[in-house]
Structures are given as structure tokens and as C-alpha cells.
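Sequential numbering from 1 applies to the sequence shown in UniProt numbering. All C-beta atoms in this analysis are idealised placements derived from N, C-alpha and C, irrespective of residue type, glycine included.
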Amino acid sequence: MKAKKTVEWQKKEQSEYNENNALLSALDHSLAIIEFDLSSRIIEVNQNYLDYFGYQRDEVIGQNHLMFCHPGYANSDEYQKIKKCLLAGQSLEGRFERIHKDGSRVWLAAIYQPVPGPDGSVTRIVKIAKNITFLIEQQRATQEWVQLLTQLTDRSDSAMFIAANSEQGQQAVYINQGFTKLFGYTPAQALGQNMVDLLQSAHPEQLALIDATSPEARQQLLPKELFYSKDRQPHWCSAVINSLVNEHGEPSYSIGILTDITMTKMYEVLQYKVLEALILERPLDEVMTMLCHEVERIAPEVTASILQSIGQNHLSHLAGPSLPPAYTAVISSVPIGPIAASCGTAAFRKEAVEVQDIATDSLWDNYRHLILPHGLLACWSTPIISSQGQLLGTFAFYYRQIRSPSDFHRQLVKLIASLCSLAMERELSRKQIQHLAFYDSLTGLPNRTQFLVYAKQAIALAAEMNYPLAVLVINLDRFKQVNDSLGHAAGDELLAAMAQRLRDSLPKNDIIGRLSGDEFIIMLTSCTMQQTTVRVEKMLSLLSQPCQIANMNIIPSASVGISLYPENGMEMDTLMNHADIAMHKAKNMGRGHFNFFSAEMNNLNQQRLDMEDALRHAFHIGSLELFYQPQVMLKDGHLYGVEALSRWKHPILGDIPPQRFIPLAEESGLINELALWRLKQHVGNWPTGVYGALMSHRCQ
Numbered sequence: 001m002k003a004k005k006t007v008e009w010q011k012k013e014q015s016e017y018n019e020n021n022a023l024l025s026a027l028d029h030s031l032a033i034i035e036f037d038l039s040s041r042i043i044e045v046n047q048n049y050l051d052y053f054g055y056q057r058d059e060v061i062g063q064n065h066l067m068f069c070h071p072g073y074a075n076s077d078e079y080q081k082i083k084k085c086l087l088a089g090q091s092l093e094g095r096f097e098r099i100h101k102d103g104s105r106v107w108l109a110a111i112y113q114p115v116p117g118p119d120g121s122v123t124r125i126v127k128i129a130k131n132i133t134f135l136i137e138q139q140r141a142t143q144e145w146v147q148l149l150t151q152l153t154d155r156s157d158s159a160m161f162i163a164a165n166s167e168q169g170q171q172a173v174y175i176n177q178g179f180t181k182l183f184g185y186t187p188a189q190a191l192g193q194n195m196v197d198l199l200q201s202a203h204p205e206q207l208a209l210i211d212a213t214s215p216e217a218r219q220q221l222l223p224k225e226l227f228y229s230k231d232r233q234p235h236w237c238s239a240v241i242n243s244l245v246n247e248h249g250e251p252s253y254s255i256g257i258l259t260d261i262t263m264t265k266m267y268e269v270l271q272y273k274v275l276e277a278l279i280l281e282r283p284l285d286e287v288m289t290m291l292c293h294e295v296e297r298i299a300p301e302v303t304a305s306i307l308q309s310i311g312q313n314h315l316s317h318l319a320g321p322s323l324p325p326a327y328t329a330v331i332s333s334v335p336i337g338p339i340a341a342s343c344g345t346a347a348f349r350k351e352a353v354e355v356q357d358i359a360t361d362s363l364w365d366n367y368r369h370l371i372l373p374h375g376l377l378a379c380w381s382t383p384i385i386s387s388q389g390q391l392l393g394t395f396a397f398y399y400r401q402i403r404s405p406s407d408f409h410r411q412l413v414k415l416i417a418s419l420c421s422l423a424m425e426r427e428l429s430r431k432q433i434q435h436l437a438f439y440d441s442l443t444g445l446p447n448r449t450q451f452l453v454y455a456k457q458a459i460a461l462a463a464e465m466n467y468p469l470a471v472l473v474i475n476l477d478r479f480k481q482v483n484d485s486l487g488h489a490a491g492d493e494l495l496a497a498m499a500q501r502l503r504d505s506l507p508k509n510d511i512i513g514r515l516s517g518d519e520f521i522i523m524l525t526s527c528t529m530q531q532t533t534v535r536v537e538k539m540l541s542l543l544s545q546p547c548q549i550a551n552m553n554i555i556p557s558a559s560v561g562i563s564l565y566p567e568n569g570m571e572m573d574t575l576m577n578h579a580d581i582a583m584h585k586a587k588n589m590g591r592g593h594f595n596f597f598s599a600e601m602n603n604l605n606q607q608r609l610d611m612e613d614a615l616r617h618a619f620h621i622g623s624l625e626l627f628y629q630p631q632v633m634l635k636d637g638h639l640y641g642v643e644a645l646s647r648w649k650h651p652i653l654g655d656i657p658p659q660r661f662i663p664l665a666e667e668s669g670l671i672n673e674l675a676l677w678r679l680k681q682h683v684g685n686w687p688t689g690v691y692g693a694l695m696s697h698r699c700q
């Protein structure tokens with residue numbers, strides 16, 4: 001019985017021994033093992049360890065364990081810590097960097113285990129290790145990739161965030177610098193906070209959909225969503241938010257990219273409203289007032305004002321609906337200069353002027369008493385410049401705090417200034433087109449159409465107030481000679497000079513215009529015949545002053561015809577016609593004369609028109625005839641030729657002498673037609689077989 005138990009015990013011992021050997025063999029094949037004494041001399045090493053470092057067994061046995069370490073490692077804090085722990089009998093585990101035979105790095109996950117002797121003191125050290133170089137390199141590559149991605153996201157202007165889904169909502173676990181810049185939260189302030197609270201959306205229900213489990217909700221596209229920053233500044237953003245799901249299909253993280261489109265959105269809205277107003281032909285001040293209201297709606301902390309440049313020296317109030325009326329009244333005309341508050345100085349410099357404290361800034365020395373009582377403490381003004389670099393006006397922000405404009409305000413004004421420039425330039429173009437339609441481009445005087453508008457208004461007022469008027473038609477003498485001899489450029493120069501002299505001779509209540517060519521028209525208000533005579537004499541004297549035209553000294557003159565209201569007509573067309581008749585009468589008197597219209601002139605003019613019409617018909621009805629007068633030599637009475645004489649027999653007036661109808665033909669332009677008629681009559685009346693010389697003579 002005892003022998004049987006002994007055999008069973010031996011079998012058990014052998015089995016345990018075999019299991020231990022199998023375990024040791026498995027460890028030897030799967031792990032790297034090295035054994036060294038307390039002086040770090042290598043006692044034993046397995047093949048795995050040798051393979052890790054590229055050595056042969058005989059190269060390492062008896063060598064110092066430090067052969068696998070960096071030079072100087074024995075003096076490092078890490079080595080001293082390991083040595084101290086091991087000598088104290090404490091095992092140690094961790095990740096350690098060692099050196100391959102070829103100099104490359106080898107990372108080990110190792111356990112240092114002290115082995116005690118019979119007396120319990122440490123006699124040797126066994127190190128069991130696993131090569132984790134590939135894992136470390138992967139981790140480092142991943143870290144480098146993460147760092148690179150972080151740098152890339154931080155360089156992006158878009159706001160990016162990662163939020164973890166939890167029972168408390170979506171908690172921020174990452175934000176980039178773009179998020180901090182746009183919304184004002186640092187990572188320390190944002191991480192762990194609910195994203196719905198951070199973003200402060202105008203529609204928080206949109207963000208609440210992100211943690212939904214439906215596939216459609218895993219990507220949310222919010223093309224134009226309004227968010228608010230930490231300091232409650234509005235930001236329009238185009239937002240793309242993706243939800244990441246775990247292995248169970250449940251959302252675990254949300255990744256969001258928000259691109260600031262505030263300026264684009266505001267510009268779209270404002271541009272649409274401005275263009276709509278311009279298309280509807282809204283007045284400029286109404287368009288500018290609308291812009292001020294829109295700006296103050298977007299940025300309630302500012303009070304907007306727009307001034308328009310008047311010439312080169314002044315600005316005029318155009319819009320500022322929220323400014324105190326008392327202040328608006330005193331800035332109806334603002335001088336442009338180097339020390340002229342914010343707006344006048346900005347216009348002078350053609351650059352933005354920021355005054356953070358009106359009470360202390362020297363630019364406001366002469367104006368602060370006008371603005372401070374209304375609680376406006378700071379002012380930032382930006383010039384409005386046209387596409388050609390011309391000053392159009394200024395756009396200003398007033399603040400009720402001592403402050404400077406924010407970046408948001410700067411971007412907003414940049415947009416507004418361009419829209420103001422667009423509207424103001426269009427208004428200038430409209431006025432220029434209107435000016436071209438109603439004013440003469442050469443002299444700048446009202447043209448016939450515009451003059452008649454002014455004149456009819458003056459006649460209506462004269463009828464109501466019962467005062468006289470005088471209408472003057474002025475024709476420059478010998479103007480055609482200047483055009484023909486010196487050229488049309490010289491003629492234009494003379495016209496412009498005469499127009500300026502006429503303009504200078506008139507008070508502001510009188511009206512002047514250019515009819516056409518070398519004719520001008522003037523209406524003198526509250527002017528009797530005697531007063532008109534004195535003024536016209538002075539006018540002709542002024543016009544006759546020498547002037548330099550095309551490097552030549554010219555002494556101009558003019559003929560003036562005058563009609564009086566109400567004696568010579570009640571309507572402007574009648575007065576103009578009568579003044580024109582009087583002008584032609586004055587022209588027949590010689591250069592530099594004037595003449596008042598009379599009823600006799602009208603009768604004579606009507607007779608002349610009737611005669612002209614009758615002469616035109618005479619060519620067709622046969623009332624013109626040719627008579628031939630013989631030409632005889634006095635010495636012998638020999639006939640040497642004939643002279644053809646034109647005769648006109650009017651059906652009512654009888655015989656009209658040539659001295660009456662020949663000048664009429666010349667003045668009316670019928671002289672050429674008369675000459676052609678005579679030639680045809682000569683040819684038709686010439687006797688057959690008679691030859692002789694044909695000589696041309698003046699038609700007289």
C-alpha cells in the first residue's frame with residue numbers, strides 16, 4: 001500500500017514537472033528573457049532576446065547589460081531608480097527604450113524580477129520582455145497625425161468642435177482656435193459644456209436633432225443658421241454637423257464645422273434692400289435712412305449717421321434717424337477740415353477716424369458741447385469713396401460708451417460703405433443724366449425744354465403777383481464767320497465765353513437758356529420797358545468786350561429782340577416768337593442793336609411769310625416769267641446779245657418788282673430754286689439753229 005502511494009506521488013511530481021517545463025518552453029518561445037547579476041553582467045539570455053537586438057549568444061554572455069542601453073544611461077535618473085528598486089527586492093515593470101546592434105531603437109514592455117538567494121537577499125535579476133517597437137511607432141505616428149490635424153484645424157478660419165453624447169446632452173471634448181475666435185470661448189471654458197448652451201443658436205431645436213438615432217439625422221446641414229457668441233454678438237454660420245455611431249448604431253460623438261458667413265449674409269440682405277429701393281426710384285435720403293435702420297437692427301449698440309459731401313468744403317446731413325433732432329439740426333452743414341470732429345476730419349483725410357472719447361479728443365474741441373448733452377460719448381467715422389476715388393460722404397457710428405469699434409463693426413461698416421457708395425454714385429449718375437437731358441453740355445445753361453419749364457413757372461407767378469416780364473432772344477453777330485475761319489472748336493469757345501458773360505450779368509431771379517446754335521434766351525423778371533432798355537444796353541456793352549479766342553483778339557457783338565409780358569403776349573410761345581421777330585429786325589439794323597417787338601413788326605412778318613409761300617408756289621403755277629432785253633452796240637446799233645429778266649405776276653397783288661422778291665428768295669433759301677428755273681427757261685426758249693455765247697449774270 002505504501003509503495004502504491006509512492007508511485008502515485010512520483011507520477012504527480014513528474015506531471016507537474018512536465019507542465020512546468022512546457023510552460024517555461026512556451027515562455028521561452030514567446031518572450032525575451034535575460035538574466036544578469038547584481039553587477040549587471042549577463043548570465044543567461046534566450047534566443048528571442050538575441051533576435052530583438054541582432055546579437056549572437058557569445059557576443060552578450062558575460063557583457064554588461066548596459067550594452068543594450070543608450071550611452072550615458074547609467075547616469076540617468078531612470079537607471080538609478082530601477083537599480084534602487086531591484087536591489088531592494090522590488091519588481092519593476094514598464095516600457096523601456098533600448099538600442100539595437102545596428103543603432104536603431106527597440107522598445108520593450110518588460111518586467112524586472114529580483115531573484116533572492118537562500119538568505120533572502122537579491123542574487124540576480126531576471127528580465128522578461130516583449131518587443132513593442134511597432135506599437136510605439138504606431139502610437140507616435142498617430143500622435144503626430146493628431147498634432148498635424150490639430151494644427152490644420154487651428155489654422156482654419158472655420159469653427160470646429162467634437163462633442164460626446166451623454167445623458168446630459170452633447171458635451172464638448174474638443175474645440176479649435178477658430179471656435180475660440182468666433183465664439184469667444186477658450187478650451188478651458190468650453191470643454192465639458194453643453195454645445196447647445198455654447199452655440200446659443202437662434203433655433204436650438206435644430207441642434208437638438210443631432211443626437212437622434214435615425215440615419216437621416218447622422219448628418220445635419222444647416223446652411224444659414226444664426227448663432228450668438230459669448231458676448232452675444234450675432235454670427236450667421238453655414239453649419240455641417242456629423243454624428244458618429246458606435247458598434248451598436250448609437251450616436252457617440254458629433255463633429256461640427258461652422259463657417260462664418262455673417263458678412264456674406266448681411267451683404268445679401270442689405271444689398272437686396274438697397275437694390276430694391278434703387279429699382280423703385282426711392283429718394284436717396286430714404287435709401288440711406290433705411291440703411292441706418294438696418295445697421296442699428298443688426299448692431300443695436302450703435303447709432304448710425306450718413307453725411308453727403310457738398311462741394312469740396314462741406315458735408316450735409318443725409319440720414320441719421322436715431323440721432324437726436326436737436327443735434328441733427330446743427331450738423332446740417334459740417335465743414336471738411338483737419339480738426340472738424342470725426343466726420344469732417346475723416347472726409348478731409350479720406351480715411352477712418354476713431355474717437356474713443358469725445359470729451360477728451362482735440363478733434364471735438366469745437367463740437368463736443370453739441371453732442372455730449374445727448375449721451376453720445378464716442379464716434380467712429382469712415383469716408384464714403386466712389387469707384388473713381390471721389391469723396392461722396394461719410395458713414396459714422398456713435399456710441400453711448402467710451403469705446404472703439406469692434407471687429408464686427410469694422411466688417412459691417414465695410415459692407416455699408418460700399419452700398420452707400422453704390423447708391424450715391426447712382427444718384428450722381430441720375431443727376432448727370434437729368435442735367436444732360438435738360439441742360440446744354442457746352443455752356444451749362446438750361447436747354448430749350450428746361451428753359452420753357454422755368455419760364456412758364458415765372459409767367460404763372462407774374463400773373464399771380466401782377467408784375468411785368470421781358471423775354472430776350474439774343475443772336476451773336478457774324479458767328480458763322482468765326483466758325484468758318486477759326487474752326488468749330490473756336491466757335492464753341494466763343495459760345496461758352498458769351499454764355500458766361502450773360503450769366504454774370506443776370507441776378508439770380510432771372511432765367512437764361514440756350515436755344516440752339518448761336519442763340520440765347522433770357523427772361524427778365526419784374527422788369528418794365530425802361531428797365532429792360534437799361535439792362536440790355538449794359539448787356540450788349542459787356543458782350544462787346546474783346547476776348548481771346550484761338551489766340552486771336554475778337555470783338556464780339558450780338559443782336560437782341562425783346563418782347564414784353566403781358567403787352568406782347570400771355571403765353572411763352574407767343575413771347576418767344578415775337579422776341580425772335582424783333583431780333584431779326586434788330587439784326588437788319590446792323591451789329592450790336594436791340595429792338596422791341598411791335599404789332600407792325602408782326603404784320604410785316606406775316607406779310608413776309610405770305611410772300612415767301614406765294615413765291616414757292618409761283619414756280620409751279622407759272623406766275624414767273626422771263627423777259628429778254630436786247631443788248632445793242634452804241635456805235636453802230638448792232639445787236640450783240642440779250643439779258644434775261646425775271647418777272648413775277650402775283651394773282652392778287654399784281655406785278656411784284658425784282659427788288660422785292662429777289663431778296664426774299666435769298667433770305668428764304670429759294671434763290672437756288674429760282675436760278676434753276678431761269679436756266680430751264682433759257683434752254684427751253686432758245687431758238688433752234690441759233691448759236692452764241694451764254695454768260696452768267698447775277699440774278700437781279
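Item	Value
Whole-Å CB distance - Leu226 paired with Ser158, under 8 angstroms assumed	Contact flag wrong, Cβ pair sits at about 17 angstroms.
Alpha-carbon spacing of Glu666 relative to Leu275, whole angstroms	59 angstroms
Of the listed residues Trp648, Lys649, His650, Gln629, nearest to Tyr640 (C-alpha basis)	Gln629
Distance CB(Val482)-CB(Phe520) smaller than 9 angstroms	no
Stretch pair the segment 438-454 + the segment 531-550: three plus CB contacts closer than 8 angstroms	no
Distance CB(Pro383)-CB(Ala352) smaller than 9 angstroms	yes
Where Lys680 falls, given that 16 or more other Cβ within 10 Å makes a residue buried	exposed
Leu24 versus Gln90: straight-line alpha-carbon distance, rounded	With a pLDDT of 48 at Leu24, under the threshold of 50, the predicted position of this residue should be treated as unreliable, and no value is reported.
Coil, strand or helix - Tyr454 by DSSP	helix
Local Cβ density within 10 Å of Ala341, reported as buried at 16 or more and exposed below that	buried
Residue of Leu428, Glu673, Ala496 minimising C-alpha distance to Leu476	Ala496
Cβ of Arg95 within 9 angstroms of any chain B Cβ	Judged by its chain identifiers, the structure shown contains no chain B, having just a single protein chain.
Whether Leu191 touches Tyr174 by CB criterion (9 angstroms)	yes
Three-state secondary structure assigned by DSSP to Cys69	coil
Alpha carbon of Arg430 to alpha carbon of Lys649, nearest angstrom	60 angstroms
For Asn48, the first and last residue of its enclosing alpha helix (DSSP H)	47-53
Cβ pair Ile136, Arg98 closer than 9 angstroms	no
C-beta contact flag for Leu415 and Leu564 at 9 angstroms	no
N-terminal and C-terminal residue of the beta strand (DSSP E) that Met570 is part of	Neither: Met570 is in no beta strand (DSSP E) and is coded neither H nor E.
Buried or exposed (CB count within 10 angstroms, at least 16 for buried), Gly62	exposed
Cβ pair Ile336, Ala326 closer than 9 angstroms	no
Where Asn483 sits in the DSSP three-state scheme	helix
Same chain, Cβ closer than 8 angstroms to Gly54, five either side skipped, listed in chain order	His100, Lys101, Asp102
Three CB pairs or more closer than 8 angstroms across the segment 417-428 and the segment 264-282	yes
Presumed contact (8 angstroms Cβ cut-off) between Tyr398 and Ser305, rounded CB distance	7 angstroms
Segment contact, 8 angstroms Cβ cut-off, at least three pairs: the segment 279-294 with the segment 363-382	no
First and last residue of the uninterrupted beta strand (DSSP E) at Cys379	378-385
Ala346 (DSSP reduced to helix, strand or coil)	helix
Local conformation of Lys680 per DSSP, three classes	helix
Segment contact flag, the segment 576-586 with the segment 556-563, C-beta cutoff 8 angstroms, min 3 pairs	yes
Helix, strand or coil at His314 according to DSSP, with G and I counted as helix	strand
CA-to-CA distance, Glu427 to residue 764, given in whole angstroms	The question about residue 764 has no answer here: the residues shown for the chain are numbered 1 through 700.
Beta-carbon separation (whole angstroms), Ser386 vs Thr394, contact threshold 8 angstroms	Actually they are not in contact, since the Cβ atoms of Ser386 and Thr394 sit about 13 angstroms apart, beyond 8 angstroms.
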